[in-house]
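Colleague:
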Amino acid sequence: MQNVKFIPDELDRRIIAHLRADGRAPLAKLADALGVARGTVQNRLDRLLETGTLLGFTVRVREDYEDRSIRAVMLIEVTGKSTTQVIQRLRGIAEIEALHTTNGSWDLVADIQVSSLADFDRILREVRTIDGVENSETSLLLSSV
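Heads up: the sequence shown begins at 435 in our numbering, then just goes up one per residue.
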């Protein structure tokens with residue numbers, strides 16, 4: 435099936451929520467937790483994968499496991515109509531793991547992950563010198579709760 439527009443219902447959202455907590459949960463465990471048949475869970479998972487709603491499964495690791503342990507969120511204000519050019523430049527920075535558009539005072543949000551404060555400082559300078567970046571505000575992520 436081609437990636438078609440699919441809107442998950444309440445059961446689909448509950449399956450996804452359980453998988454976010456435990457992506458390796460067996461079908462029987464999911465079925466029991468959701469109060470439905472194992473076949474129902476299997477069919478729903480198949481459909482979520484076929485429609486592209488679920489793109490795959492991943493692994494979560496302890497915070498202190500990663501070598502690149504300094505993480506931050508950078509809010510970026512872009513001038514005028516330079517958003518496309520700024521996004522292209524930001525995508526070229528390997529330490530920016532994800533980039534999001536947003537509303538309000540800030541135009542973009544960048545998830546940054548580096549291995550040292552020196553690298554962090556370098557990334558801040560690099561982003562701030564991009565033509566079209568008007569302003570930025572960065573917060574280090576101290577711990578996940």
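Note that beta-carbon positions come from the ideal geometry of N, C-alpha and C, so glycine has one too. Given the structure is predicted, the values throughout are model-derived calculations rather than measurements.
Is LEU533 closer than 8 Å to ILE521 when the C-beta atoms are compared?
Modeller: The Cβ-Cβ distance between ILE521 and LEU533 falls below 8 Å.
Colleague: With distance defined between alpha-carbon atoms, name the residue in ILE530, ARG481, ARG525, ILE450 nearest to LYS439.
Modeller: The candidate whose alpha carbon is nearest that of LYS439 is ARG481.
Colleague: Write down every uninterrupted run of the alpha helix (DSSP H) in the region 519–579 whose length is 4 residues or greater and which is fully enclosed by it, in chain order.
Modeller: 551–562
Colleague: Runs of 4 residues minimum, wholly inside the region 446–471: which ones carry the alpha helix (DSSP H) assignment?
Modeller: 461–468
Colleague: For ILE504, which residues does DSSP report across the bridge?
Modeller: The partner list for ILE504 (beta bridge, DSSP) reads VAL548.
Colleague: Per DSSP, what are the beta-bridge partners of GLU511 in this structure?
Modeller: ASN569, per the DSSP bridge assignment.
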